[in-house]
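2 protein chains.
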Amino acid sequence: MATEPSAIAEQKADAAETKPLRADAQRNRDRLVEVAAAMFAERGIDASLEEIARRAGVGIGTLYRHFPTREHLVEVVYRREAEGLCAAAGELAGKHPSDVALEQWMQRFVDYIATKRGLATSLRILLTTNSTLFSDTSGRVSQALRQLVEAAVADGTIRGDVDASDVLHALSGIYSAPDTPEWRDRSRRLVKLLMDGLRFGAVKAR
Amino acid sequence: MATEPSAIAEQKADAAETKPLRADAQRNRDRLVEVAAAMFAERGIDASLEEIARRAGVGIGTLYRHFPTREHLVEVVYRREAEGLCAAAGELAGKHPSDVALEQWMQRFVDYIATKRGLATSLRILLTTNSTLFSDTSGRVSQALRQLVEAAVADGTIRGDVDASDVLHALSGIYSAPDTPEWRDRSRRLVKLLMDGLRFGAVKAR
DNA sequence: CACTAAAGCGGAGGCGCCTCCGTTTATTAC
DNA sequence: GTAATAAACGGAGGCGCCTCCGCTTTAGTG
Numbered sequence: 020m021a022t023e024p025s026a027i028a029e030q031k032a033d034a035a036e037t038k039p040l041r042a043d044a045q046r047n048r049d050r051l052v053e054v055a056a057a058m059f060a061e062r063g064i065d066a067s068l069e070e071i072a073r074r075a076g077v078g079i080g081t082l083y084r085h086f087p088t089r090e091h092l093v094e095v096v097y098r099r100e101a102e103g104l105c106a107a108a109g110e111l112a113g114k115h116p117s118d119v120a121l122e123q124w125m126q127r128f129v130d131y132i133a134t135k136r137g138l139a140t141s142l143r144i145l146l147t148t149n150s151t152l153f154s155d156t157s158g159r160v161s162q163a164l165r166q167l168v169e170a171a172v173a174d175g176t177i178r179g180d181v182d183a184s185d186v187l188h189a190l191s192g193i194y195s196a197p198d199t200p201e202w203r204d205r206s207r208r209l210v211k212l213l214m215d216g217l218r219f220g221a222v223k224a225r
Numbered sequence: 020m021a022t023e024p025s026a027i028a029e030q031k032a033d034a035a036e037t038k039p040l041r042a043d044a045q046r047n048r049d050r051l052v053e054v055a056a057a058m059f060a061e062r063g064i065d066a067s068l069e070e071i072a073r074r075a076g077v078g079i080g081t082l083y084r085h086f087p088t089r090e091h092l093v094e095v096v097y098r099r100e101a102e103g104l105c106a107a108a109g110e111l112a113g114k115h116p117s118d119v120a121l122e123q124w125m126q127r128f129v130d131y132i133a134t135k136r137g138l139a140t141s142l143r144i145l146l147t148t149n150s151t152l153f154s155d156t157s158g159r160v161s162q163a164l165r166q167l168v169e170a171a172v173a174d175g176t177i178r179g180d181v182d183a184s185d186v187l188h189a190l191s192g193i194y195s196a197p198d199t200p201e202w203r204d205r206s207r208r209l210v211k212l213l214m215d216g217l218r219f220g221a222v223k224a225r
C-alpha cells in the first residue's frame, strides 16, 4: 500500500511536487497547521477557524487560501499527527529502555486516537471520497508498534508470550469509550495497567 | 413494526401524548413545518433557518423553541412527507383509474425520494441514534405501492405478470443517480417509461 | 368580564463562516 | 541596486447560527 500523495495538498518538500510556496506562504502555512493541531486537541474538531488564524497571527483569508474547508485543515493535521507518532517510535527506542519506550509510545498513541476519533465523527463525508486517509496511516502506525514490542520482547523487558497484535487488541478498550471527558485519563490508566501485565514475568525482572 | 413515537417530538393529536400545545403555538409550529418543507424541497437541506422563520412569519426564537436543531426540523418534515405519500395512495386510488393513480403516485414518490436523499446525506449522525426513522417509514411506503399495483393488475389496466417488488426494483434507478440538477427530470421520465412498459400488454388495452 | 400565571413570542446581539478585493511583499529580470 | 509582476496577505462585510430575556398572548379561575 504505497503512500501516494493525497488528493488534498501536502507540502512535504520530499519531492518538488507542486511548485514550492513562497517563503512567507510556507511560514504561514506551517504556523497554521501547528496552531490548528493545538486548538483541535484542546477544543475539539469544532474549534473556531477564525481563532486559529488569529493565534497564528494571520488573517482569516490566509487560512482559507491554504485550507479551503475545515476538513482540508483537519486532514493535514491528522496526517502530521500520524507521522509524528510513527517517528516517535524510533526516537523513543533510541533513548529509553525498550519497555519504557513502548509505554511512552502507547501513551502518545492515546492522544493520537483522540485526534482520530474526533476526526472520524466529523469527516464521514470526506472519508468516503478520500478513503486512503485512514487505511494507509493505520498500517504504518501498527508497524511502529510492532517494532517496539518486538524489541522489548527481544531484550526481555517484557514477557515473551505476546506479540504486537495482542497488545493492539488489549488496547482496543481505548477505541470503545464514548467521548466522555474522563476518556483520556482512563485510557492512560489502561496503558499503565497493560504495561504492568507485560512486565510481569519478563525475563529481565525489575 | 409498530410506529412508536420517535425520540424527537411528534405533535400528532392521535393520543393526547404530550400536553396539547397552546393554540398559537400549534399554529406557528404547523406553519413552520409547512414552510420548511417547501424550503427544503426548493433549496436543499441547507436552507436558511432564519429565512424559514421569516417566511413563516415568526421570529427565529420561535423556530428554535419548536425545533432545537436543524435535524429535528428535518425529521418532522420528512415524516410528514412520508405520511402524505402513504395517504396519497388511497386518495389517488379513489379518484383516478388505477393505472393513472399508480403513475401519479410514482411521480410523487420521486419527490419523496428527493427529500429522503437530502436528509440522508445530512443526517448520518442522527440516524445512528434514531434508527427507526427510515426503517419504519419505508415499510409503510412499500405497502402503499403494493396496494396500487395490485389494484391496477386486478382491473387489468396494467399487465398481470408483475408485482410491487418488480416495480420497486424498476424504480431503483431513481436511487442511484447522484445529486445532479437534472436528477428530478430524469426520474420523472423514468416513471413514464416504466408506466408505458406496464400498460403494454394490459388486458384492458387503451 | 377581569385578573393572573404560565406559555409563548421574537429579535437583538454575539459569534463563526466564507468571499472578495485593495494592499503588501517576495521573487525575478535587468 | 531598481523595476516589474506574480503571489500572498488580511480584514471588512454579508450572511447564518443560536441564545437570552423582556414583552405579549392565551387559558384558566372566580
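Protein chains in written order, with this note's numbering: chain A, 20 to 225; chain B, 20 to 225. Cβ atoms here follow ideal geometry from the backbone N, Cα and C, with glycine treated the same way.
The Cβ atoms of Thr176 (chain A) and Pro116 (chain A) lie closer than 8 Å to each other.
Within the region 47–111 of chain B, the complete alpha helix (DSSP H) segments at least 4 residues long are 68–75 and 79–85, listed from N- to C-terminus. In the structure shown, Val181 (chain B) falls within a coil segment according to DSSP collapsed to helix, strand and coil. Judged by their CB atoms, Leu190 (chain B) and Trp124 (chain B) are not nearer to each other than the 8 Å cut-off. A direct Cα-to-Cα measurement between Pro39 (chain A) and Gln45 (chain A) gives close to 8 Å. When the Cα atoms are used, Leu213 (chain B) and His85 (chain B) turn out to be separated by approximately 41 Å.
Selection A:Ala112, A:Glu100, A:Gly216 and A:Ala55 evaluated against Asp174 (chain A) yields A:Ala112 as nearest (Cα-Cα). Counted as a single uninterrupted DSSP element, the alpha helix (DSSP H) harbouring Ser195 (chain A) occupies residues Gly192 to Ser195. At the C-beta level, Val93 (chain A) and Arg74 (chain A) stay beyond 8 Å of one another. For Asp204 (chain B), the enclosing alpha helix (DSSP H) begins and ends at Trp202 to Arg218. Residue B:Leu164 holds the alpha-carbon nearest to the alpha-carbon of Leu104 (chain B) among B:His188, B:Ala66 and B:Leu164.
Across the set A:Asp180, A:Arg205 and A:Arg207, the C-alpha of A:Asp180 shows the shortest separation from the C-alpha of Leu217 (chain A). For Gly175 (chain B), no alpha helix (DSSP H) segment is defined, and its DSSP state is neither H nor E. Excluding the 5 residues flanking it on each side, Ala106 (chain B) has no same chain C-beta neighbour closer than 8 Å. Here Met58 (chain B) is not near Ile79 (chain B), since their CB atoms are 8 Å or more apart.
Taking a contact as a CB-CB distance under 8 Å, the pair Ala101 (chain A) and Thr156 (chain A) counts as one, their CB atoms being some 4 Å apart. With 16 or more neighbouring CB atoms inside 10 Å of its own CB, Val172 (chain B) falls in the buried class. Between Tyr194 (chain A) and the set A:Ala42, A:Leu121 and A:Tyr131, the nearest pair of CA atoms involves A:Tyr131. Relative to Asp43 (chain B), the option among B:Ser67, B:Gly76, B:Asp65 and B:Glu61 whose CA is nearest is B:Gly76. Pairing Leu68 (chain A) with Arg89 (chain A) gives a Cβ-Cβ distance under 8 Å.
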